[in-house]
Structure formats: C-alpha cells, structure tokens
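These notes concern the structure reproduced below.
Printed below as a string of structure tokens:
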C-alpha cells in the first residue's frame with residue numbers, strides 16, 4: 003500500500019508530513035535508569051577508588067560529565083585503558099556525593115561541605131559545582147570570614163568570588179583588622195587593601211593603626227616593610243596632633259624615610275590649616 007499516496011488523496015484533510023516526539027521527561031528518566039544500572043553494577047566498567055571505598059561507574063557517563071574524565075579515558079597512555087581510578091586528594095564522602103550528582107544532577111551544598119566540594123569540583127573540572135559553591139560562599143560572606151574566603155577563592159582561581167570577598171573586606175575594614183586572618187596577610191595583600199580608594203574607614207588613623215598592628219605581629223620579619231606600607235597611607239589627612247605622636251613612635255623613629263614622610267604630612271597639614279585661617283580672616 004502506498005501510504006503517502008493514500009494520505010494525499012484524502013479530501014478536506016491536510017496531510018501532516020511529520021510529527022516530532024519530544025519527551026520533556028526523557029533526560030531525567032534516562033539519568034534515573036543509568037543510576038539504577040550503576041547501583042545494580044550493570045554494565046559498569048570503571049571503578050573510582052578513594053581510600054578503602056570503591057564506586058562502580060560507567061566510563062562513558064564519567065567522560066560525558068567532565069573534561070577531566072574525558073581526557074583521562076580517551077588518553078593513549080596507560081591511564082586511558084585503566085578501569086580502576088584512584089584519588090588520594092578527595093575523600094570518599096565527597097566523591098560519593100559528586101558521583102551521585104553525575105547520575106542525578108542534584109547536590110546539596112552546605113557550610114560543612116562547601117570547601118571540600120569546591121576543591122574537588124575544581125580538580126575534576128565540574129564547572130557547575132564550582133559555580134554553585136562560589137554562589138553559596140558569596141551568600142555567607144561577613145567581616146569575620148571574608149579574608150579566609152578570599153584566600154580560598156584565590157587558591158582555586160575563583161576570581162569573581164575572590165573579588166566579592168575583597169570588596170566585602172574593604173567595606174568592613176575596621177572589623178576585619180580585628181580578625182586573626184588579618185595578621186596573616188602577606189605584605190602585598192595588605193598593600194592592596196590600604197592603598198585602595200574604596201577602603202571604608204571613619205578616619206585614616208584606623209588604617210595606620212592596622213598597619214602597625216600587622217608589623218608588630220612579627221616585628222623582626224616585617225619591620226623592613228614599614229616604608230613601603232607608610233607610602234600607601236594617606237598621612238596628610240591624619241590629624242596634626244596624631245601625626246606628631248606618630249613621628250615619635252619607635253618604628254617610625256628608626257626609619258629616616260618614614261620620619262620624613264610624617265614631617266611632610268605635618269607640613270602639609272599646617273599649610274592647609276593656615277590657608278583656611280587666611281580665607282576665614284578674609285571673610
């Protein structure tokens with residue numbers, strides 16, 4: 003029977019050339035079936051090992067889910083032929099949740115697991131896991147943890163989170179300087195903070211006091227940075243009386259360049275004061 007000719011001869015009913023089946027649940031159902039095959043160890047051809055724990059998986063599913071696994075399993079080297087893959091830097095607890103995510107698309111992130119998941123997600127090249135962990139950490143930012151989060155984000159090249167943590171620290175600088183992490187900053191990181199035009203402090207004295215506090219935490223090692231740090235403090239906006247006190251402080255007195263910078267700030271302060279006095283007198 004010529005089915006197409008029969009359809010064309012039907013009078014009053016336009017022929018339908020095609021019908022596209024698009025099942026919105028197909029992808030999720032397929033994942034569910036693949037996950038069932040995994041849990042039943044059917045067709046599994048790769049074993050992911052973390053410590054004493056072993057997880058049976060499908061190489062093609064792992065390869066499709068991550069550039070890391072794709073590169074591993076398509077390599078011409080020995081690793082590409084291996085069926086056992088071992089990880090020493092990822093805990094079994096974390097790997098289980100990542101494999102569950104691969105087969106279900108679901109992953110719970112909380113304060114207890116976010117750092118481990120981000121670290122593992124970054125290593126295994128799961129961009130969605132890394133992005134979600136970063137969004138979660140961004141929501142957790144406060145003056146007490148922003149320096150730690152900034153450092154962690156920097157370690158894992160999470161640049162957007164790093165920048166958000168940096169901004170948060172600038173906006174809460176007075177509180178941040180009271181945290182232990184502040185005393186552990188590198189000199190370059192400290193300079194990046196104190197030199198920023200976006201630092202939010204009530205007075206510049208807060209910035210100066212924070213710098214001195216940082217130096218005195220390890221004075222023998224850090225006193226060599228006093229000139230470099232003082233150059234990034236806005237000394238001229240500090241009150242003249244406080245500048246006179248600063249000029250006599252031990253760390254400053256021992257550094258000729260520092261004494262000169264403080265004196266120049268005092269002179270500038272006096273000239274501005276005199277100018278204001280003249281303008282007021284002229285009125």
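Residue numbers (this note's numbering): 3 to 285. We put the CB at the ideal spot given by N, CA and C, even for glycine. The structure presented is a predicted model; accordingly, all values stated were derived computationally and were not measured.
Asked: Contacts around residue 261, its chain only, beta-carbon distance under 8 Å, and the 5 residues preceding and following it disregarded; Found: 249, 254 and 255
Asked: Nearest-angstrom Cα separation, counted from residue 222 out to residue 270; Found: 32 Å
Asked: Residue 164, enclosing alpha helix (DSSP H) - first and last residue; Found: 161 to 173
Asked: Cβ contact (3+ pairs, closer than 8 Å) linking the stretch 18 to 34 and the stretch 45 to 57; Found: no
Asked: Buried/exposed call for residue 218, threshold 16 Cβ in 10 Å; Found: exposed
Asked: Closest Cα partner of residue 97 within the set 132, 65, 51 and 107; Found: 51
Asked: Bridge partner(s) assigned by DSSP for residue 86; Found: 49
Asked: Residue span of the beta strand (DSSP E) that contains residue 59, given as start and end; Found: 55 to 59
Asked: Any 3 or more C-beta pairs closer than 8 Å across the stretch 115 to 127 and the stretch 85 to 97; Found: yes
Asked: Extent of the continuous alpha helix (DSSP H) to which residue 148 belongs; Found: 148 to 157
Asked: Cα-Cα separation between residue 78 and residue 106, rounded to whole angstroms; Found: 30 Å
Asked: Residue burial classification, residue 141 (beta-carbon count within 10 angstroms, cutoff 16); Found: exposed
Asked: Given 8 Å, three or more beta-carbon pairs between the stretch 66 to 77 and the stretch 32 to 43; Found: no
Asked: Sequence-distant residues of the same chain with beta carbon closer than 7 Å to residue 150, five excluded per side; Found: 183
Asked: For residue 251, the first and last residue of its enclosing alpha helix (DSSP H); Found: Looking at the DSSP string, residue 251 is not in any alpha helix (DSSP H), and its letter there is neither H nor E.
Asked: Cβ distance (whole Å) where residue 231 is taken to contact residue 213 below 8 Å; Found: 5 Å
Asked: For residue 120, the first and last residue of its enclosing alpha helix (DSSP H); Found: 116 to 126
Asked: Residue of 194, 220, 191 and 246 minimising C-alpha distance to residue 207; Found: 246
Asked: Inter-residue Cα distance where the pair is residue 31 and residue 41; Found: 15 Å
Asked: Residue 264 vs residue 237 beta-carbon contact at 8 Å; Found: yes
Asked: Contacting residues, own chain, Cβ-Cβ under 7 Å from residue 239 (five flanking each side not counted); Found: 206
Asked: Buried or exposed (CB count within 10 angstroms, at least 16 for buried), residue 139; Found: buried
Asked: CB contact flag (residue 170, residue 143, <8 Å); Found: yes
Asked: Contacting residues, own chain, Cβ-Cβ under 8 Å from residue 45 (five flanking each side not counted); Found: 39 and 60
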